[in-house]
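Reviewing the structure listed below.
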Amino acid sequence: MAYEFERTHRLAILGGGPGGYEAALTGAQLGADVTLVERVGVGGSAVLTDVVPSKTLIATAEAATSVGEAADLGVQFFSRNEAGRAVKPEVAVNLGAVNQRLLLLARQQSEDLKAQLLKAGVRILTGEGRLDGPNRLVVSTGTGRSRTDFDEIDADTLVIAVGARPRILASAKPDGKRIFTWTQLYTLEEVPEHLIVIGSGVTGAEFASAYLALGSKVTLVSSREQVLPGEDADAAKVIGDVFARNGMQVLNKSRAESVVNTGDSVLVTLTDGRTVEGSHALMAVGAIPNTTGIGLEEAGVQLSESGHIRVNRVARTSMPSIYAAGDCSDFLPLASVASMQGRTAVFHAMGDAVSPTELRNVTSNIFTQPEVATVGWSQKQIEDGIAQGEIYKLPLASNPRAKMMGLKDGFVKIFARTGSGTVIGGVVVAPKASDLILPIALAVEHRLTVDQLARAFSVYPSMSGAITDAARAMHIVG
Ligand SMILES: Cc1cc2nc3c(=O)[nH]c(=O)nc-3n(C[C@H](O)[C@H](O)[C@H](O)COP(=O)(O)OP(=O)(O)OC[C@H]3O[C@@H](n4cnc5c(N)ncnc54)[C@H](O)[C@@H]3O)c2cc1C
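Under the working numbering, the first residue of the sequence shown is numbered 47, with each subsequent residue one higher.
Set out below in C-alpha cells:
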C-alpha cells in the first residue's frame, strides 16, 4: 500500500514585529516552510521604535530619580570646592549618549531576533509586501521597475502582522526637529528645556513621566478630566498627583488645535484659544493600523471602521487561510498580545492544541513612576454591575518594605468574586509593578481564591507581601 506523505505546510508572514516574529518561530517549530517579509527590521516597531527604546529611556529616567531621591534615605552627594566646602553636584543626563545607547540596544536586539529566525530555518525577505488573493504575498524587493524586483510567495496560510504607526494631525505635523512622534524622539542630543506632550494616554504619560525625571520642564495636554483616561481611577489619581508634585503642568480638558514650529520654539494653540509655548512637542495622539493598500479587502479580509483587521480569539480573519496578529488586528495593542496571537494563529492553522486568547486575562503595565499594572476585571466594571466582585485596596504606605525604601505612593488592589472569593482582577501601583502583578495574574488565570493566594509565603519584608496581605484581608469567614 502506497502512503501519500503529507505536504509541508507553507506559511507566509507579513511583518516582523512580535506578532509576525512569534508566528514565524512557532511555524518553524511545527515543521512548516516559513517565509517572513519585513520592510525595515526584524523585531518591528516594538523593538526598533516603540517598546525597546522607550523602556530603555525609562530605565535611565528611573536611575536619575533614584539619584535625586537617595538623599531621603540619607545618601549625600557632594564634592569639595577649592575652599574645602562641600558643594552639591548637579544631576545631569547626557541625552545624546542615552539615545545612542538605546538605539544600539534596539539594533542589537533586532539582529539577535533575526539570527534566531534564520537559525530556526525561517526565510527572511526584505521588502514591502502585499496580498495577492487569500494565498499569495507579493514582495517588492527592489525599485519595482523590473519584474525581477518582485517575489511571489504562495502559501497555505498567511499571517498579517503589519502593526500600526503614529497618528498624524494635519494641524500639528511632526517635523523631527521640534515637533516629534514617539519614533523620532531618539534623535534629540539634549534634554528639551520644555517638552509639551500632546495626549495623556499610556504613551503620552510614559514620556511625560520620563522627560520630567530626565530634567525637562513638562506640560501635558490632556483632552480628558485626568491623565490616563480609561485606567483605574485611583491609579490615575496617584499618577496625576505625582506629576503635579514633581512640577509637571497638566492641562486637563484641553485639546490642541495646532502645533507650530516657530523656529526657536513650538507654539501649541488649544481649542479654547489659550496658547502654550515650549521648546519641543511630542505628539502622542494614537496610532493607525498599516492596513491600507496591501490587498486585504481584495483578498476578502474584513476590516473594522477604524481599519483594524477583524479577528476571532484564535486570530483568524474572515478568510480561513488568513490570520492577523498584533496592532493591525482589533485586539489589544500590546507586544505581549501580538506575540500570543502570532503563536495562536499558527497553532490553529497547523492543527496543534490551541487556547483561544482571553483578553480579560491580559496583564498590562504603564511605565510611569510609579508604574501602574492591571489585570482582569476593573473596579469600574464591578461598580457598573458588569462583574460581581468585592474590592480591597491596600496602600503601600502600610507595607514595611515600602517604608524602608522611602516609598510614598502606590497601592495594591484586588478584586474577588462575591461569595466564592475567586480573584478576578487587580491593580498594582508601585515601582516595578510590572513584576509585582504576576501573582495576581496567575490567580486570575487559574481562578485561585483570595485564601489560596494568601496561603502562599511571601518574603518578609517584601513589596509582594502587600499582595498576600490584601488577599488575607479579603478572607470570607465561613
Ligand atoms: C512608545 C510605545 C511604547 C510601547 N511600550 C509597550 C510595552 O512596554 N509593552 C507592550 O506590551 N507594548 C508596548 N507598546 C505596544 C507595542 O509596541 C505593540 O503592541 C507591538 O509593537 C505590536 O507588534 P506587531 O507585531 O503588531 O507590530 P509592529 O511591532 O508594529 O511590527 C510591524 C512590522 O511590520 C512591518 N510592515 C508593515 N507593513 C509592511 C509591509 N507592507 N511589508 C513589509 N513589512 C511591513 C513594519 O516594518 C514593522 O516592522 C508600545 C507602543 C508604543 C508606541
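Note that beta-carbon positions come from the ideal geometry of N, C-alpha and C, so glycine has one too.
According to DSSP, residue pairing for VAL322 in a beta bridge involves VAL314.
One Cα belongs to ALA166, the other to GLY66, and the distance between them is close to 14 Å.
In this structure, the straight-line span from the alpha carbon of ASP481 to that of SER350 is close to 34 Å. Collapsing the DSSP output to three states places THR409 in coil. Looking from the CA of ALA512, the closest CA among VAL473, ARG493, LEU71, GLY62 belongs to VAL473. DSSP places PRO335 inside the beta strand (DSSP E), whose first and last residues are 333-335.
Taking the C-beta atoms as reference points, ALA345 is found nearer than 8 Å to GLY179. In the three-state scheme derived from DSSP, where H, G and I count as helix and E and B as strand, ASN307 is classed as strand.
Under a 10 Å Cβ-count criterion, GLY209 is classified as buried, with 16 or more other Cβ atoms of the shown protein chains found around its own Cβ.
Secondary structure of ARG169 (DSSP, three-state): strand. In this structure, ASN407 lies near GLY422, with their beta-carbon atoms less than 8 Å apart.
The shortest CA-to-CA distance from ILE432 to any of SER401, THR403, THR464 is the one to THR464.
For TYR257, the enclosing alpha helix (DSSP H) starts and ends at 248-260.
Relative to the Cα of ASN145, the nearest Cα in the group VAL322, VAL505, TYR257, GLU436 belongs to TYR257. In this structure, the straight-line span from the alpha carbon of GLY293 to that of THR265 is close to 9 Å. Between MET396 and ALA78 a beta carbon distance of about 6 Å is seen, short of the 8 Å cut, so the two are scored as contacting. If you draw a 10 Å sphere on the C-beta of ALA259, you find 16 or more other C-beta atoms in it, and that means buried. Distance from the Cα of VAL113 is smallest, within the candidate group VAL314, ALA129, VAL137, VAL97, for VAL137.
Between LEU183 and ILE170 the beta-carbon gap is near 13 Å, outside 8 Å, which marks them as no contact.
For SER91, the enclosing alpha helix (DSSP H) covers residues 90-94. Here the segment 200-220 makes contact with the segment 54-61; the two share three or more CB pairs at distances below 8 Å.
Here the alpha carbons of ILE225 and HIS326 stand approximately 6 Å from one another. Within a 10 Å sphere around the beta-carbon of SER424 sit 16 or more other beta-carbons, which makes this residue buried. In this structure, ALA516 sits near VAL458, with a CB-CB distance shorter than 8 Å. A buried status is given to ILE412, since no fewer than 16 other beta-carbon atoms sit within 10 Å of its beta-carbon. Secondary structure of GLN295 (DSSP, three-state): strand.
Spatial neighbours of LYS454 in its own chain (CB-CB distance under 8 Å, excluding positions within 5 residues in sequence) are listed in chain order as ALA443. Look at PHE289 here: in three-state DSSP terms it is helix.
With a cutoff of 7 Å, ILE199 does not count as near ligand 1, since its C-beta is closer than that to no heavy atom of the ligand. In the DSSP annotation of this structure, the continuous segment of the beta strand (DSSP E) that includes ARG211 starts and ends at 210-212. By the C-beta criterion, the segment 83-90 is judged to be in contact with the segment 147-164, since at least 3 inter-stretch pairs fall below 8 Å. LYS454: not part of any alpha helix (DSSP H); DSSP gives it neither H nor E. Per DSSP, the beta-bridge partners of ALA476 are GLU417. Beta-bridge pairing by DSSP links TYR369 to VAL205, ARG362. Residues of the same chain with a CB within less than 6 Å of the CB of PRO335, apart from the 5 flanking positions on each side, are ALA210, GLY353, HIS354, CYS374 in chain order. About 58 Å separates the beta carbon of GLY452 from that of ASP197, a gap too long to meet the 8 Å contact definition.
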